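Visitor: Take this structure first; my questions come after.
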Amino acid sequence: MDAADQGILVIIPTFKNGISSFGFDTATQASFLEILGHIQKTQKVNGLKFYLGGFSIGGTCSIKYAELSIKNNYPVKPSAVFVIDAPLDFERMYFNMLRETKLPGSPEEALAESNYILKRCITTFGGTPADKLENYRALSPYSYNDSTQNAIKPLINLPLRLYTEPDILWWLKEGVDYSLMNSYDLAALYNELRRMGNKKAAFIPTQNAGRRKPNNTPHPHSWSIAEPKDLLKWLLSQ
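Residues in the sequence shown are numbered from 279 upward in steps of one, following the working numbering.
Below you can see the structure in the form of structure tokens.
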């Protein structure tokens, strides 16, 4: 069973800002709105349920769109959302990446990625968290340090699945500890939504499900941690 067999139109968007997309940023969200508007005009989808989800930064984009669509009463709001190992808290990410650049013995690849993310954050938010904290908390889909939790309040009644594979032993071999895992953000988001009254949210930690093609190489940060048949069944039940 796949989505097409169930009569579901699957859309994989390409945003106008291309590889510079951070998912939650204003340009990406505007491009997403434009794409959805075009689909409404060209496809017979009015009145149908809209399911939204993604992997990694695609999940970041999905959560942010859900928040904005409910808060601002967009014409197209999701009936259910799934997120697969996505980063959500970019204030936390900034400081983690900054720390990574200062640690002795950081792998060259990790150092390059940290510097890239730091530059992207400064460009996207208009500065560092020390300079533009309000931007980090307004734009990030979730902020652990923002006790008001204004960003996630629109999600209180939304059916939501949060997938992650917190394989700490695998990550430690790569020089990564708990603080750098997306599981941290997802577990915190789930916990706070439950406290706020969302009984439709589910946190799904998997084991040994992360595989990357073509050789099925083990990797916990992978699409495969979301079992497709079970996910589709859940979506259709919403």
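Idealized CB from N, CA, C, for every residue including glycine. These figures come from a predicted structure and were not determined experimentally.
Less than 7 Å separating the beta-carbons of D445 and P365?
Guide: Mapped onto the sequence shown, residue 445 falls at position 167. Mapped onto the sequence shown, residue 365 falls at position 87. Cβ distance not < 7 Å, so D445 and P365 don't count as in contact.
Visitor: With a CB to CB cut of under 6 Å and the five nearest residues on each side skipped, what residues in its chain are close to V354?
Guide: Position 76 of the sequence shown holds residue 354. Answer for V354: L314 and F328, listed in chain order.
Visitor: Closer than 7 Å by C-beta to M459: which residues in its own chain qualify, once you throw out the five before and the five after it? Chain order, please.
Guide: Here residue 459 refers to the residue found at position 181 of the sequence shown. P444 and W449, listed in sequence order.
Visitor: For D367 versus S421, is the C-beta spacing smaller than 7 Å?
Guide: For the purposes of this step, residue 367 is taken as the residue at position 89 of the sequence shown. For the purposes of this step, residue 421 is taken as the residue at position 143 of the sequence shown. Contact: yes.
Visitor: Classify K342 as buried or exposed, calling it buried when 16 or more other Cβ atoms lie within 10 Å of its own Cβ.
Guide: The count along the sequence shown starts at 1 and reaches residue 342 at position 64. With 16 or more other Cβ atoms within 10 Å, it is buried.
Visitor: Counting Cβ pairs, one atom from each stretch, are 3 or more of them under 8 Å apart for the stretch 399 to 410 and the stretch 465 to 480?
Guide: With a cut-off of 8 Å, the stretch 465 to 480 and the stretch 399 to 410 do not count as touching, because too few Cβ pairs lie within range.
Visitor: Indicate whether at least one CB of chain C lies closer than 7 Å to the CB of A364.
Guide: Of the protein chains in the structure, only one exists, and it is not chain C.
Visitor: Do Q516 and S357 have their CB atoms nearer than 7 Å?
Guide: Residue 516 sits at position 238 when you count from the first residue of the sequence shown. Residue 357 sits at position 79 when you count from the first residue of the sequence shown. Going by C-beta atoms, Q516 is nearer than 7 Å to S357.
Visitor: Which class does L376 belong to by DSSP, given the choice of helix, strand or coil?
Guide: In the sequence shown, counting from the first residue as 1, residue 376 sits at position 98. In this structure, L376 counts as helix in the three-state DSSP scheme.
Visitor: Would you identify the three-state DSSP class for P483, choosing helix, strand or coil?
Guide: As a working note, residue 483 is residue 205 in the sequence shown. Of the three classes helix, strand and coil, the one that applies to P483 here is strand, per DSSP.
Visitor: Measure the C-alpha to C-alpha separation of E387 and N374 and round it to an integer number of angstroms.
Guide: Position 109 of the sequence shown holds residue 387. Position 96 of the sequence shown holds residue 374. So the two alpha carbons sit approximately 15 Å from each other.
Visitor: Out of curiosity, what's the CA-to-CA distance linking S309 and Q318?
Guide: By 1-based counting over the sequence shown, the position of residue 309 is 31. By 1-based counting over the sequence shown, the position of residue 318 is 40. The alpha-carbon atoms of S309 and Q318 are separated by roughly 14 Å.
Visitor: According to DSSP, I362 sits in a beta bridge with which residue or residues?
Guide: The count along the sequence shown starts at 1 and reaches residue 362 at position 84. DSSP, once it has assigned bridges, lists F333 and Y441 as partnering I362.
Visitor: Please determine, among D303, Q284, N486 and I482, the residue with the shortest C-alpha to C-alpha distance to I362.
Guide: On the sequence shown, residue 362 is found 84 positions in, with the first residue counted as 1. Here the closest residue by C-alpha is I482.
Visitor: What is the rounded straight-line gap between the Cα of E505 and the Cα of A429?
Guide: Here residue 505 refers to the residue found at position 227 of the sequence shown. Here residue 429 refers to the residue found at position 151 of the sequence shown. Each residue's Cα considered, the two are about 29 Å apart.
Visitor: Decide if P492 is buried, meaning its Cβ has at least 16 other Cβ atoms within 10 Å, or exposed.
Guide: Translated into the one-based positions of the sequence shown, residue 492 becomes position 214. Exposed, because fewer than 16 other Cβ atoms sit within 10 Å of the Cβ of P492.
Visitor: Taking the CB atoms as reference points, tell me whether F300 and T401 lie closer together than 7 Å.
Guide: The sequence position of residue 300 within the sequence shown is 22, counting from 1. The sequence position of residue 401 within the sequence shown is 123, counting from 1. Taking 7 Å as the Cβ cut-off, F300 and T401 do not qualify as a contacting pair.
Visitor: From the DSSP secondary-structure annotation, give me the bridge partner or partners of R370.
Guide: One-based indexing of the sequence shown puts residue 370 at position 92. In the DSSP output, where bridge partners are listed per residue, R370 has none listed.
Visitor: Looking at G336: is its Cβ nearer than 7 Å to the Cβ of F360?
Guide: Sequence index remark: in the sequence shown, residue 336 carries index 58 (1-based). Sequence index remark: in the sequence shown, residue 360 carries index 82 (1-based). No. Outside cutoff.
Visitor: Identify, in the order they occur along the chain, each residue of the same chain with its Cβ nearer than 8 Å to the Cβ of E378, setting aside the five sequence neighbours on each side.
Guide: Residue numbering aside, residue 378 sits at position 100 when the sequence shown is read from its first letter. Contacts found: S384, A388, L389, S392 and L458.
Visitor: To the nearest angstrom, how far is the alpha carbon of E312 from that of P382?
Guide: What you label residue 312 is simply residue 34 of the sequence shown in a count that begins at 1. What you label residue 382 is simply residue 104 of the sequence shown in a count that begins at 1. Answer to the nearest angstrom: the Cα atoms are 45 Å apart.
Visitor: State the beta-bridge partners of P496 as determined by DSSP.
Guide: The sequence position of residue 496 within the sequence shown is 218, counting from 1. P496 is bridged to R489.
Visitor: Terminal residues of the continuous alpha helix (DSSP H) containing I317?
Guide: The count along the sequence shown starts at 1 and reaches residue 317 at position 39. Residues T304 to T320.
Visitor: Excluding the 5 residues preceding and the 5 following I348 in the sequence, name in chain order all residues of the same chain whose CB lies nearer than 8 Å to its CB.
Guide: As a first step, residue 348 must be located in the sequence shown, where it is residue number 70. K355, P432, L433 and L436, listed in sequence order.
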